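*Asks:* Quick one: the structure is below, and I'll ask about it shortly.
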Ligand code: SF4
């Protein structure tokens, strides 16, 4: 199924998503990465914005100053980073701050999957390495919080038709990463046999 | 003896090449990689996977049109240099000039520097540092120019590097298993569909170098030795039947190709190495002739 969604997301928006669905997003997406999350959770500073229904993007963009941009910055390259490093923060983001979706590449692990099921959230996989497309879909950098963490600040992006994203983990606890890994391991046994290899 | 000419204006030439190759490799994806992505998209039976391959092709087009980077990762700059017959060049000055070129590219473009020191993790914001750029220098009697291939290697795929010193008794079967197992272990992390480079033989260092060098070969170009070429096809098809798919989200296209390079090894060794290159397959090549002429390609 295909969905066109606008942030912030409602409970219903998220719970309708199923793994394998395609999503395009409009509105606000919050960019953050390791250092931003360390500040929130390890240093105990609440984010200075309301993240309820929010959509996060694992990113630290390259930007340049621009007088015309609302935040004073315009994007040069916005390209998503690997999510696995941020695994331990998913639960807190959903439980404490009401985040509903996380966009990244490479996937998250079992505790995130459990948290998505418990609080109603989803992981949306982007096509990694396609930063040229991603950058084009960012209409503007609206505001930048925690500039001292540059480039791992909290970025408020306004996006248009952002994606296509694939629902890779859903609120039912399903995970495409888990399914694909299981299938690959099963098939590997058959491939070994076909190639005359002993396991 | 062949007559040897000294390259005119060598330092300025190499500095400019270092700059251009490092930038262009990140903007302009090689034609063989584009073709392989298009063919994969046409063949792919999984709808979501087809969509992702289409997005990759779109990213290539956008970068062409806007002259922007395809991917945000500026990578670790690596140069593969082969010096042919009949050209005299001050090698140390050539490497220094290429390094300056990378530094200029980083400052002038500008590019995000991805290079930090090993222990203190300091970034000089030049894309260079101790041991970086990585230079591989070889000599060849088969060419009459200097061949330079630049590869800005991204971390997602470079992290998927594996070496195993197998035993002779493990045989070729052990080699095949290792390649298949690493492909499954890597899953979606190296931004598949990847170009998988495999090194077989040599010493441990040579084996790893062969694996990485194998990823430089244009996609679709088979190894000249027929038994090795057959092994490439066998491994490519085997990995693609695991169903890992683009970005590890399922599909028929996990690799664009498997390339193998070999070297002779010790009688009691059986080394195998795997190094992966992400779908953007970035590389840029220059041929520098003795009269200063330069051909830019892939
Ligand atoms: S693995 Fe390659 S394509 Fe993917 S983000 Fe890293 S450098 Fe870019």
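Residue numbers (this note's numbering), protein chains in the order written: chain A, -19 to 179; chain B, 288 to 585. For every residue, glycine included, the Cβ atom is placed at its ideal position computed from N, Cα and C. Remember, predicted model here, so these are calculated numbers, not experimental data.
(1) Run down chain A in chain order and give the residues with a C-beta less than 7 Å from the C-beta of residue 528 of chain B.
(2) Residues of chain C with CB closer than 8 Å to the CB of residue 357 of chain B, please, in chain order.
(3) Could you have a look at residue 508 of chain B and say whether DSSP puts it in helix, strand or coil?
(4) Taking all protein chains shown into account, do 16 or more other C-beta atoms lie within 10 angstroms of the C-beta of residue 454 of chain B, making it buried, or fewer, making it exposed?
(5) For a test of the three-state rule: what should DSSP assign to residue 44 of chain A, helix, strand or coil?
(6) Since residue 540 of chain B meets chain A, which of its residues come closer than 7 Å, beta carbon to beta carbon?
(7) In angstroms, rounded to a whole number, what distance separates the CA positions of residue 14 of chain A and residue 47 of chain A?
(8) Would DSSP call residue 413 of chain B helix, strand or coil?
(9) What does a CB cutoff of less than 6 Å around residue 393 of chain B pick up in its chain, not counting 5 residues either side in sequence?
(10) Counting contacts by CB-CB distance shorter than 8 Å, is residue 471 of chain B in contact with chain A?
(11) Cβ of residue 57 of chain A within 8 Å of Cβ of residue 16 of chain A?
(12) Considering only their Cβ atoms, is the gap separating residue 457 of chain B from residue 557 of chain B smaller than 8 Å?
(13) Report all residues from its chain with a CB closer than 6 Å to the CB of residue 526 of chain B; omit the five preceding and five following residues, and keep chain order.
(14) Measure from the alpha carbon of residue 441 of chain B to the alpha carbon of each residue in A/45, A/62, A/23, then state which is nearest.
(15) By DSSP's criteria, residue 564 of chain B is part of a beta bridge. Which residues make up the other side?
(16) Residues of the region 139 to 159 of chain A in Cβ contact with chain B at a cutoff of 9 Å, in chain order, please.
(17) Out of B/290, B/490, B/297, which one is the CA nearest neighbour of residue 579 of chain B?
(18) Could you check where the beta strand (DSSP E) with residue 448 of chain B kicks off and where it finishes?
(19) Measure the alpha-carbon distance for residue 366 of chain B versus residue 501 of chain B and round it to whole angstroms.
(20) From which residue to which residue does the beta strand (DSSP E) around residue 465 of chain B run?
(21) Secondary structure at residue 378 of chain B, three-state DSSP: helix, strand or coil?
(22) Might you give, ordered along the chain, the residues of its own chain that have their beta carbon closer than 6 Å to the beta carbon of residue 545 of chain B, omitting 5 neighbours on each side?
(23) Cβ of residue 360 of chain B versus every heavy atom of the ligand SF4: is any distance shorter than 7 Å?
(24) With a threshold of 16 other CB atoms inside 10 Å of the CB of residue 426 of chain B, please say whether the residue is buried or exposed.
(25) Could you check what DSSP says for residue 54 of chain A in three-state terms: helix, strand or coil?
(26) Which bits of chain A does residue 342 of chain B rub up against, with CB to CB less than 7 Å?
(27) Quick check on DSSP: helix, strand or coil for residue 363 of chain B?
(28) Determine, for residue 81 of chain A, whether the minimum Cβ-Cβ distance to residues of chain B falls below 8 Å.
(29) DSSP three-state label for residue 437 of chain B, please.
(30) Is any heavy atom in the ligand SF4 found nearer than 7 Å to the beta carbon of residue 13 of chain A?
(31) Could you tell me how far apart the beta carbons of residue 35 of chain A and residue -1 of chain A are, in whole angstroms, since I believe they sit closer than 8 Å?
(32) Return the residue from the list B/529, B/485, B/494 that minimises the CA-CA distance to residue 510 of chain B.
(33) Grab me the residues of residue 567 of chain B's own chain with a C-beta within less than 6 Å of its C-beta, minus the 5 sequence neighbours each way, in chain order.
(34) Under a three-way DSSP split, which group does residue 524 of chain B fall into?
(35) Considering only heavy atoms of the ligand SF4, does any lie closer than 7 Å to the CB of residue 478 of chain B?
(36) Closer than 7 Å to a non-hydrogen atom of the ligand SF4 - does that hold for the CB of residue 491 of chain B?
*Replies:* Let me lay it out:
(1) From the beta-carbon of residue 528 of chain B, the residues of chain A found nearer than 7 Å are 167, 171.
(2) No chain C appears in this structure, whose protein chains are A and B.
(3) Residue 508 of chain B: coil per DSSP, three-state reduction.
(4) With fewer than 16 other CB atoms across the displayed protein chains lying within 10 angstroms of its CB, residue 454 of chain B is exposed.
(5) Looking at residue 44 of chain A - three-state DSSP - the assignment turns out to be strand.
(6) The premise fails here: residue 540 of chain B is roughly 13 Å from chain A at the closest Cβ pair, so nothing lies under 7 Å.
(7) Rounded to whole angstroms, the gap between the alpha carbons of residue 14 of chain A and residue 47 of chain A is 28 Å.
(8) Reduced to three states, the DSSP call for residue 413 of chain B is coil.
(9) For residue 393 of chain B, the CB contacts under 6 Å within the same chain, skipping 5 residues up- and downstream, are 400, 413, 414 in chain order.
(10) For residue 471 of chain B, the nearest beta carbon of chain A is closer than 8 Å to its own beta carbon.
(11) Taking the C-beta atoms as reference points, residue 16 of chain A is found no nearer than 8 Å to residue 57 of chain A.
(12) The criterion of a C-beta distance shorter than 8 Å is satisfied by residue 557 of chain B and residue 457 of chain B.
(13) Result list for residue 526 of chain B: 470, 541, 542, in chain order.
(14) Checked all of A/45, A/62, A/23; the closest Cα to residue 441 of chain B is A/62.
(15) Residue 564 of chain B pairs with B/482.
(16) Answer set for the region 139 to 159 of chain A: 143, 144, 146, 148, 156, 157, 159.
(17) Here the closest residue by C-alpha is B/297.
(18) Where residue 448 of chain B is concerned, the enclosing beta strand (DSSP E) stretches over 448 to 453.
(19) So the two alpha carbons sit approximately 14 Å from each other.
(20) Segment 458 to 473 is the alpha helix (DSSP H) holding residue 465 of chain B; no beta strand (DSSP E) there.
(21) Helix.
(22) Closer than 6 Å at the Cβ level, and outside the excluded window around residue 545 of chain B, lie 483, 519, 522, 523.
(23) It does: the Cβ of residue 360 of chain B is within 7 Å (strictly closer) of some heavy atom of the ligand SF4.
(24) Burial call: exposed.
(25) When secondary structure is reduced to three states using DSSP, residue 54 of chain A falls in the strand class.
(26) Think of a sphere of 7 Å around the beta carbon of residue 342 of chain B: the chain A residues whose beta carbon falls inside it are 107, 110, 113, 144, in chain order.
(27) Three-state result, residue 363 of chain B: strand.
(28) Not one chain B Cβ lies under 8 Å of residue 81 of chain A.
(29) Reduced to three states, the DSSP call for residue 437 of chain B is strand.
(30) Checking the Cβ of residue 13 of chain A against the ligand SF4 gives no.
(31) For a cut-off of 8 Å, the C-beta gap from residue 35 of chain A to residue -1 of chain A is around 17 Å, too long to register as a contact.
(32) Of the listed residues, the one whose Cα sits closest to residue 510 of chain B is B/485.
(33) If we look at residue 567 of chain B and ignore the five residues flanking it on each side, its Cβ neighbours are 316, 357, 358.
(34) Helix.
(35) At least one heavy atom of the ligand SF4 lies closer than 7 Å to the C-beta of residue 478 of chain B.
(36) Not a single heavy atom of the ligand SF4 lies less than 7 Å from the C-beta of residue 491 of chain B.
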